[in-house]
Amino acid sequence: MYTLNISGHHVQSGEEVQEVVKEKMDHLSRINNQITTINVTLNTEKHGTHELIVEASVHIPGHDLFAMVQTEKQLKPALDMLVSKLEKQLIKHKAKPKNAGRQHHINAKDVESPIERQLQAEFDELVEREVI
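Note that numbering that gives the first Met the number 0 has the sequence shown beginning at 0, numbered continuously upward.
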């Protein structure tokens, strides 16, 4: 289960708005059940355009996802686009192999190229002759 925080700046986030947001965000928890916190911010730009800006940050252990959508005063389409963006990020994150590129194999051997072997042999010879 996750914690959902909804805040509104210049927007009244009444019970109806909160229910719509919760319904949309529940869809994300079906994709990844490790979500711990979702913060949703609803904001209205009052400077000329009157656009609705919806931002969301999703916290998964070891990773944070963020998405933002800007629409013209329509909450449901904005939330649909926001959830779509977050879905893509969750699926991409889920598809990544754990600890990719950080695994050390016990039986791994160093592989030297022929040039590296030749340079090492020349160096060893100089050390043997006490030049270095």
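Yeah, the Cβ is synthetic: ideal placement off N, Cα and C, and Gly gets one too.
Distance from Gln17 to Ile30 at the Cβ level is roughly 21 Å; contact not present, criterion being Cβ atoms closer than 8 Å. A distance below 8 Å between beta-carbons, with the five flanking residues on each side excluded, links Ile37 to the following residues of its chain, in chain order: Tyr1, Thr2, Leu3, Asn4, Met24, Leu27, Ala55, Ser56, Val57 and His58.
For Glu124, the enclosing alpha helix (DSSP H) begins and ends at Pro113 to Glu127. Between the alpha carbons of Gln119 and Val110 lies a distance of about 13 Å.
Here Gln69 carries a strand assignment [DSSP, helix/strand/coil]. Contact check for His49 against Thr40 fails: the beta carbons are separated by 8 Å or more. DSSP, reduced to helix, strand and coil, places Ile131 outside both helices and strands of the structure shown, so it counts as coil. Annotation: the continuous alpha helix (DSSP H) that includes His92 extends over Leu74 to Ala94. For Ser6, the secondary structure class from DSSP, reduced to helix, strand or coil, is strand.
Going by DSSP, Ser56 is part of the beta strand (DSSP E) stretching over Leu51 to Ile59. In this chain, the alpha helix (DSSP H) harbouring Ile30 covers Glu14 to Ile30. When secondary structure is reduced to three states using DSSP, Ile34 falls in the coil class, being assigned neither helix nor strand. Residue pairing by DSSP places Asp63 opposite His58 in a beta bridge.
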